[in-house]
Amino acid sequence: MEVIYAPKAIEHLNYWKKSGNKAIQENPFDGIGKPEPLKYELSGSWSRRINEEHRIVYEIHDDGIIVILEIQSLKGHY
6 MEVIYAPKAI
16 EHLNYWKKSG
26 NKAIQENPFD
36 GIGKPEPLKY
46 ELSGSWSRRI
56 NEEHRIVYEI
66 HDDGIIVILE
76 IQSLKGHY
């Protein structure tokens with residue numbers, strides 16, 4: 006699978022090089038980081054924890070391409 010980054014996510018990637026991208030590529034729906042489908046305005050997207058404070062939000066397209074939407078802080082993200 007190929008990973009494509011949205012512009013907002015690119016800003017954060019320099020700091021989060023070890024964010025579990027390989028785990029997302031190999032198995033986007035389960036595994037480390039407690040992946041979970043999101044609801045409401047983020048329906049169709051998935052979230053995976055990087056650590057206790059941060060997570061990656063991503064989408065998986067029908068053609069197998071994974072798009073990293075953003076890297077968020079868990080503090081106050083709801």
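Positions 6 to 83 (my numbering) are the ones given, in order, by the sequence shown.
A virtual CB, placed ideally from N, CA and C, is assigned to each residue, including glycine.
Where does the unbroken beta strand (DSSP E) through residue i begin, and where does it stop?
i, result
"I9", "V8 to Y10"
Tell me which residues share the same chain as residue i and place their Cβ nearer than 8 Å to its Cβ, disregarding the 5 neighbours each side in the sequence.
i, result
"I71", "M6, E7, V8, I9, I29, Q30, P33, Y63, E64 and I65"
"W51", "P33, F34, P40, E41, P42, L43, V62, Y63, E64 and I65"
Considering only the beta carbon of each residue, do residue i and residue j sit closer than 7 Å?
i, j, result
"P42", "R53", "no"
Can you find the residues in the same chain that come closer than 7 Å, C-beta to C-beta, to residue i, ignoring five residues on each side of it along the sequence?
i, result
"I73", "V8, Y10, A11, A14, I61 and Y63"
"G69", "M6"
"G49", "E64"
Using the rule of at least 16 other Cβ atoms within 10 Å of the residue's Cβ for burial, across every protein chain shown, is residue i buried or exposed?
i, result
"I76", "buried"
Cutting at 6 Å between CB atoms, please list the residues of its own chain near residue i, excluding the five before and the five after it.
i, result
"G36", "A28"
Beta strand (DSSP E) segments (min. 3 residues) lying fully within the region 33-62: 50-54
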